[in-house]
Amino acid sequence: MMNQATTAAAPISSTTRWLRWANLAFMLYLLLLAVSMVGSGFKLATGEHAKTLFEFASHPVAGLMIGLVATALIQSSSTVTSIIVGLVAGGLPVETAIPMIMGANIGTTVTNTIVSLGHVRCKEEFKRAFASATVHDFFNLLAVCIFLPLEMMFGILEKISHWLVSPMLATGDMSMGSMNFIKPITKPVIGAIQEPLAAYGSVFGGVAMIVLGIATIFVAITAMGKLMKSLMVGRAREILKNAIGRGPLHGIASGSIVTILVQSSSTTTSLMVPLVGNGVLKVRDVYPFTLGANIGTCITALLAATAVSGEYAVFALQIALVHLAFNLLATLLIFGIPFLRELPIKGADLISDMAVKNKSVVAGYLIAVFLVMPGTILALTV
């Protein structure tokens with residue numbers, strides 16, 4: 045009886061739970077404050093020269109690679125997209141930011157690929173785990189291969205997101221105005237930080253605010269993820285057990301919900317890798333779940349956009365809506381067409397077969413997709 049008592053998980057007291065919820069609310073505020081800080085710092089540092097600062101990313105493919113590399117290094121698409129929202133709030137053009145958002149979608153898949161290496165000692169387990177991880181890679185690569193050319197030719201995502209924010213544009217008021225309930229609680233803090241830093245010059249002060257804002261985004265999202273997992277992981281697991289085996293729509297919905305709860309698509313997709321590796325689930329079962337994770341992670345950018353005020357506020361909301369529209373349309377198009385739906389699974393099966401036969405394929409794949417390809421393309425396009 046004593047062994048059972050000691051091995052059972054101790055219940056969280058109501059006081060501890062309330063403290064964690066309060067901490068979570070504070071971290072959400074910190075995230076919104078940090079995004080405002082990045083935008084304010086960007087405006088302070090660049091003044092009227094924001095466009096020239098981003099000429100190096102004016103080519104869509106270069107922007108795509110910047111988003112990919114940044115997310116692969118940071119291992120958080122939520123962080124990168126929140127930073128992009130902050131930069132758009134500071135004057136980065138929406139059309140320049142769209143490929144960066146697409147690149148962030150690819151870069152986030154490196155995490156679960158690394159997680160799959162935990163099964164490398166057992167061939168069958170590793171084959172299943174690596175396939176589970178790379179099906180996400182292949183889906184996001186396919187989505188970019190389809191939508192980046194369409195965006196370059198027709199500006200589909202920009203037009204859809206512009207239509208969604210057009211009611212605000214029609215009023216002639218380019219700020220979020222009265223609907224921005226965040227501004228009153230962030231503006232005093234931003235002002236208190238900006239005033240002493242600006243005394244050292246606009247460029248230094250602006251860059252310092254950007255660095256401080258990005259660091260705060262890291263802290264806030266990491267803490268939010270840990271708090272969400274401690275508060276929700278039990279419920280999240282129940283959702284997974286009840287929903288994943290009940291068809292694609294349930295899988296997509298559960299992937300979205302769990303990702304919203306834990307604020308990290310990397311966490312939710314990585315959670316699936318050992319389940320597939322151990323044979324509990326199949327790659328085909330978790331495939332829809334990963335698509336839901338893509339959709340669920342968009343909530344962070346939408347939350348970040350509510351922190352923005354000023355003349356570029358609507359554009360910050362627009363880029364957050366681009367992220368959501370891209371993932372929704374990619375899911376509808378690729379998963380809705382049987383031929384396209386099978387391509388990520390076939391790609392994952394093929395590379396997992398190669399990886400089992402030769403482990404160096406794994407290192408080659410990671411280096412090629414997340415380092416060599418982006419580096420080469422950036423060198424050619426910048």
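Throughout the sequence shown, residue numbering follows this note's numbering, covering 45 to 426 in sequence.
Glycine included, every Cβ here is placed at the ideal spot set by N, Cα and C.
Using the C-alpha atoms, what's the distance from residue j back to residue i?
i           : j           : result
residue 303 : residue 309 : 5 Å
residue 58  : residue 78  : 30 Å
residue 195 : residue 204 : 11 Å
residue 392 : residue 181 : 8 Å
residue 294 : residue 288 : 6 Å
residue 109 : residue 424 : 11 Å
residue 395 : residue 291 : 26 Å
residue 76  : residue 380 : 35 Å
residue 365 : residue 297 : 19 Å
residue 372 : residue 244 : 45 Å
residue 68  : residue 368 : 24 Å
residue 190 : residue 383 : 14 Å
residue 166 : residue 173 : 10 Å
residue 420 : residue 232 : 44 Å
residue 164 : residue 234 : 48 Å
residue 80  : residue 361 : 13 Å
residue 60  : residue 312 : 25 Å
residue 162 : residue 329 : 21 Å
residue 159 : residue 183 : 18 Å
residue 323 : residue 169 : 8 Å
residue 131 : residue 359 : 10 Å
residue 348 : residue 238 : 19 Å
residue 249 : residue 402 : 51 Å
Taking all protein chains shown into account, do 16 or more other C-beta atoms lie within 10 angstroms of the C-beta of residue i, making it buried, or fewer, making it exposed?
i           : result
residue 178 : buried
residue 331 : buried
residue 171 : buried
residue 216 : Any reading at residue 216 must be qualified, since the residue scores a pLDDT of 48, below 50, and its modelled position is unreliable; no value is offered.
residue 197 : exposed
residue 66  : exposed
residue 255 : exposed
residue 418 : buried
residue 221 : Unreliable positioning characterises residue 221 in this predicted model, as indicated by a pLDDT of 43, which lies under 50. A coordinate reading is not provided.
residue 388 : buried
residue 228 : exposed
residue 211 : exposed
residue 411 : exposed
residue 430 : An answer regarding residue 430 cannot be provided, because it is not within the stretch 45 to 426 covered by the chain.
residue 202 : buried
residue 338 : buried
Within the same chain, show all residues whose beta-carbon is closer than 6 Å to that of residue i, passing over the 5 residues directly before and after it, in chain order.
i           : result
residue 261 : 78, 123, 126
residue 154 : 116, 414
residue 375 : 335
residue 51  : Low confidence applies here, because residue 51 scores a pLDDT of 41, under 50, leaving its location unreliable; read the following figure in that light. So no residue of the chain qualifies.
residue 346 : 364
residue 400 : 167, 171
residue 208 : 365
Which same chain residues end up closer than 8 Å to residue i when comparing Cβ atoms and leaving out the 5 residues on each side of it in sequence?
i           : result
residue 398 : 405
residue 105 : 143, 192, 421, 425
By Cβ distance, which residues of its chain are closer than 7 Å to residue i, with the 5 residues on each side in sequence left out?
i           : result
residue 223 : Residue placement at residue 223 is flagged as unreliable, the pLDDT there being 44, under the threshold of 50; a coordinate-derived value is accordingly withheld.
residue 264 : 71, 74, 75, 78
residue 258 : 82, 127
residue 343 : 304
residue 271 : 64, 67, 68, 71
Where does residue i fall in DSSP's three states?
i           : result
residue 245 : coil
residue 367 : helix
residue 325 : coil
residue 73  : helix
residue 355 : coil
residue 350 : coil
residue 342 : helix
residue 58  : helix
residue 291 : coil
residue 164 : coil
Worksheet entry | Inside the stretch 113–162 only - alpha helix (DSSP H) runs reaching at least 4 residues | Counting only runs of 4 or more, we get 121–133, 138–151, 154–160.
Worksheet item: Residue ranges of each alpha helix (DSSP H) run of no fewer than 4 residues wholly in the stretch 382–418, ordered along the chain?
Response: Listed in chain order, they are 382–401, 404–411.
Worksheet item: Mind pulling the alpha helix (DSSP H) runs of 4 or more residues that sit fully within the stretch 171–214?
Response: Those alpha helix (DSSP H) runs which fall completely within the stretch 171–214 and span 4+ residues are 200–214.
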